[in-house]
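Participant: Residue numbers (full-length UniProt numbering), protein chains in the order written: chain P, 1 to 238; chain S, 1 to 238.
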DNA sequence: TCATCGTAACTTGTCGCCAAGTTGTTGTGT
DNA sequence: ACACAACAACTTGGCGACAAGTTACGATGA
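See the structure below:
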């Protein structure tokens, strides 16, 4: 049962990888596949739904299922010195950024410790959504200590570039500390923001950004990249 | 519909993150959740099946669904000089390796180019499965040029450590080139090897390993890590 | 002959009901 | 009083039939 579903998934994935199935092309119907594989229609449906939720195909009732256009593929380079904005411009992409939130967070021990904040201090979360060539591609969250940026509550909703904001506050040189990459799935909210289905994994990169001079932690960042678009070049000589 | 499913998923994920739902604990039944959320049972079933396929819960017919034990969490460090074996030992884990395949691959332009092989040359794929504390955690594939290792066809099925093999062939110093990290889903075969469900994303790291002296490419590697276990510390000062 | 409308055949989407497994309670026998 | 068996109530698993949407073909009218 489970194996049959995955077999059908693997077979269709292979057809797409081999270019035997290209974007816009129609897949065989549920009944046709059920007959071909000698399995109940439900098995086929589960397999196809999985492909749909992974973002590879889309479904039109009464019409059929079709291969989606492939997302653009972007290779991010591991350099802590450049902002996401700079990297995208360097690669020739058209980047648009929109501020999506500025809110005070509840006490969180780990976060507060990283920001060197006391339990009674205020910590703000600034969120930006990034479009590349008109497609939402990444969510950036920055967490900052209000004692370090006293007007963050008022400024926050207008910030699109944290680096620009820090420069306005007198910081010029930045360094990055403790970059950890993991994989997660989008919440409903994130799905809406990124226009993706629930089984598209997100690459989560967490790090601290420091003022290069004083070694003070300026922000803790959480960046969510769509894994169907982004690869990460982690070569040491980047 | 789609939103309701994801909402239920998010709610249960939140309960697990908050420790309100811990391993071994029973989840509410399909009917209870359907009633609570005022949705058809099918909606709940889809949501729960999703959590199951992501590896968070398991299901026993007639009994209910239960929270799985959390996978061990391992943070890999970005150093090209150390083998996976060395890293795991250093971290204090009990690593077991088994050779799973040695086979000649079909011509693949990209692969052959990376290995500096001509179209008529032979390229072999050596696969190893890695257990940590008796749980399958990673699959390692090495691709080598037979002209560089003429006895690979005979030796290959017995290799568990490529570095050890290269040392026996007279290579002592290695460097890594072009490490690219991406995210993929396991095929049926990989699911069986890694004992994981089909929606557990895998972290795929591809790189070339070079002989430090001659700068010759010794192998192209593809490593598949379970993303529910591994995080990647990509800090530059690792 | 061509255009339009209706119907049948196809497609995906959903739901109710039955199947299969587990557990708890009640009744009966020792 | 205790043990065992049967049945009801619960659980997840699966399937057939119907719902909703699309397209193609055939019939009718101009």
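Ideal Cβ placement from N, Cα and C applies to all residues, glycine included.
So, helix, strand or coil for residue 238(S), using DSSP?
Facilitator: Caution is warranted here: a pLDDT of 42 is assigned to residue 238(S), below 50, making its placement in the model unreliable, and the coordinate value is therefore given only provisionally. DSSP places residue 238(S) in coil when its eight states are reduced to three.
Participant: Verify the CB distance criterion: does residue 231(P) have a CB-CB separation below 8 Å to chain S?
Facilitator: Residue 231(P) counts as touching chain S.
Participant: Do you know whose CA, among 54(S), 32(S), 220(S), lies nearest residue 204(S)'s CA?
Facilitator: The shortest C-alpha separation from residue 204(S) is found at 220(S).
Participant: Near residue 229(S), what residues of its chain come up, given a Cβ to Cβ distance below 7 Å and the 5 sequence neighbours on each side ignored?
Facilitator: Same-chain partners within the cutoff: 71, 72, 73, 74, 137.
Participant: Should residue 106(S) be labelled buried (16 or more other beta-carbon atoms within 10 Å of its own) or exposed?
Facilitator: Residue 106(S) is exposed by the Cβ-count criterion.
Participant: Give me the DSSP bridge partner(s) of residue 103(S).
Facilitator: In the DSSP output, where bridge partners are listed per residue, residue 103(S) has 125(S).
Participant: Can you check whether the C-beta of residue 78(S) is within less than 8 Å of a C-beta belonging to chain P?
Facilitator: Chain P, which has a Cβ nearer than 8 Å to the Cβ of residue 78(S), makes this yes.
Participant: Name, going along the chain, the residues of the region 192-215 of chain S whose beta-carbon falls closer than 7 Å to a beta-carbon of chain P.
Facilitator: If the cut-off is 7 Å between Cβ atoms, the region 192-215 of chain S has 198, 199, 201, 203 near chain P.
Participant: Taking C-alpha atoms, which residue in 90(S), 236(S), 116(S), 125(S) lies nearest to residue 103(S)?
Facilitator: The residue with the shortest Cα to Cα distance from residue 103(S) is 125(S).
Participant: Among the residues of its own chain, which have a CB less than 7 Å from the CB of residue 198(S), if the five just before and after it don't count?
Facilitator: The residues are 53, 185, 186, 191.
Participant: Return the first residue and the last residue of the beta strand (DSSP E) that residue 41(P) is part of.
Facilitator: Residue 41(P) -> not in any beta strand (DSSP E); alpha helix (DSSP H) instead, spanning 41-53.
Participant: Taking only runs of the beta strand (DSSP E) that begin and end inside the region 136-188 of chain P, which ones reach a length of at least 3 residues, in chain order?
Facilitator: For the region 136-188 of chain P, whole beta strand (DSSP E) runs of length 3 or above, ordered along the chain, are 174-184.
Participant: Helix, strand or coil, according to DSSP, for residue 108(S) in the structure here?
Facilitator: Three-state DSSP puts residue 108(S) in coil, outside helix and strand.
Participant: Nearest CA to the CA of residue 146(P): which residue from 156(P), 123(P), 130(P), 165(P)?
Facilitator: Closest by alpha carbon: 123(P).
Participant: Listed in chain order, which residues of the region 170-185 of chain P have Cβ atoms closer than 8 Å to some Cβ of chain S?
Facilitator: Within the region 170-185 of chain P, the qualifying residues are 176, 177, 178, 179, 180, 181, 182, 183, 185.
Participant: Quick one: residues in its chain with C-beta nearer than 6 Å to the C-beta of residue 131(S), no 5 flanking neighbours on either side, listed in chain order?
Facilitator: Same-chain partners within the cutoff: 96.
Participant: Just confirm the distance between the C-beta atoms of residue 67(S) and residue 22(S), as a whole number of angstroms; I'd bet it's less than 8 Å.
Facilitator: Indeed, because the Cβ distance is near 6 Å, the residues count as touching under 8 Å.
Participant: Suppose contacts are defined by Cβ-Cβ distances below 8 Å. Is residue 78(P) in contact with residue 208(P) by that definition?
Facilitator: For residue 78(P) and residue 208(P), no; Cβs fall outside 8 Å.
Participant: Excluding sequence positions up to five away, which residues of its chain have a Cβ less than 6 Å from the Cβ of residue 142(P)?
Facilitator: Answer for residue 142(P): 126, 162, 219, 221, listed in chain order.
Participant: For residue 3(P), return the contacting residues in chain S, with the cut-off set at a CB-CB distance below 7 Å.
Facilitator: Result: 188.
Participant: Just to confirm my understanding: we take residue 140(P), look at its own chain, exclude 5 residues before and 5 after, and list those with CB closer than 6 Å. What are they?
Facilitator: 128, 223, listed in sequence order.
Participant: Am I right that residue 8(S) and residue 33(S) are in contact with their C-beta atoms under 8 Å? What's the rounded C-beta distance?
Facilitator: So it is a contact: roughly 7 Å between Cβ atoms.
Participant: For residue 91(S), count neighbouring Cβ atoms within 10 angstroms of its own Cβ and tell me buried if that reaches 16, exposed if not.
Facilitator: Burial call: exposed.
Participant: List, in order along the chain, the chain S residues whose C-beta lies closer than 9 Å to that of residue 242(P)?
Facilitator: In this structure chain P extends from 1 to 238, so residue 242(P) is not present and cannot be described.
Participant: Less than 8 Å between CB atoms is the rule here; does residue 113(P) satisfy it with respect to chain S?
Facilitator: So no, residue 113(P) is outside the interface.
Participant: Nearest-angstrom Cα distance between residue 245(P) and residue 225(P)?
Facilitator: The question about residue 245(P) has no answer here: the residues shown for chain P are numbered 1 through 238.
Participant: Check for me: the alpha helix (DSSP H) holding residue 85(P) runs from which residue to which?
Facilitator: Residues 84-90.
Participant: Taking all protein chains shown into account, decide if residue 42(S) is buried (16 or more other Cβ within 10 angstroms of its Cβ) or exposed.
Facilitator: Looking at its Cβ environment, which holds fewer than 16 other Cβ atoms inside 10 Å, residue 42(S) is exposed.
Participant: Applying the criterion that 16 or more other CB atoms from any shown protein chain within 10 Å of the CB defines a buried residue, is residue 47(P) buried or exposed?
Facilitator: Buried, since its Cβ has 16 or more Cβ neighbours within 10 Å.
Participant: Which term fits residue 150(P), buried or exposed, when burial requires 16 or more other beta carbons within 10 angstroms of its beta carbon?
Facilitator: So residue 150(P) ends up on the exposed side.
Participant: Taking any Cβ of chain P, which residues in the region 218-229 of chain S have a Cβ under 9 Å from it, in chain order?
Facilitator: Answer in chain order: 227, 228.
Participant: Relative to the C-alpha of residue 195(S), which residue among 101(S), 134(S), 152(S) is closest?
Facilitator: Residue 134(S) is the option with its Cα nearest to residue 195(S).
Participant: Residue range of the alpha helix (DSSP H) that residue 222(S) falls in?
Facilitator: Segment 217-226 is the beta strand (DSSP E) holding residue 222(S); no alpha helix (DSSP H) there.
Participant: Would you kindly work out how many angstroms separate the C-alpha atoms of residue 58(S) and residue 35(S), rounded to a whole number?
Facilitator: Approximately 22 Å, taken between the alpha carbons.
Participant: Since I believe residue 231(S) is in contact with residue 181(P) (beta carbons under 8 Å), could you give me their beta-carbon distance rounded to a whole number of angstroms?
Facilitator: Their Cβ separation, rounded to whole angstroms, is 7 Å, which keeps residue 181(P) and residue 231(S) in contact under 8 Å.
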